[in-house]
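Chemist: If you scroll down you'll find the structure; I have some questions about it.
Residue numbers (my numbering): 11 to 98.
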């Protein structure tokens, strides 16, 4: 299995195309959502301890003034200079 946590169209395009061309090989998960699903996986593991789970609520606290730091800003700038085709 292969896991990618990038949300940049320029960066995930080769992975998506490669996965589509070789669909019978190892599974590929492209995950750009919060923590790349780590919270969901931890919740599913914890839920195994119970006979029945009716509801699961997951919350996150984020600093509204934290835009991702220097690494996030560098990613956005790199994506913007590479192409504008994927920007909405």
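By construction, the Cβ of each residue, glycine as well, lies at the ideal position given by its N, Cα and C atoms.
(1) Put residue 22 into one of helix, strand or coil per three-state DSSP.
(2) Which same chain residues, not among the five before or five after residue 30, have their C-beta less than 6 Å away from its C-beta?
(3) Taking the Cβ atom as the reference point for each residue, do residue 68 and residue 48 lie within a distance shorter than 7 Å?
(4) In this structure, does DSSP put residue 53 in helix, strand or coil?
Modeler: Walking through what the data contain:
(1) As a working mapping, residue 22 is identified with position 12 in the chain shown. Residue 22 falls in the helix class under three-state DSSP.
(2) Locating residue 30 in the chain shown gives position 20, counting from the first residue. Cβ within range, chain order: n/a, list empty.
(3) The residue labelled residue 68 in the question sits at position 58 within the chain shown. The residue labelled residue 48 in the question sits at position 38 within the chain shown. Not closer than 7 Å, so no.
(4) Sequence index remark: in the chain shown, residue 53 carries index 43 (1-based). Looking at residue 53 - three-state DSSP - the assignment turns out to be helix.
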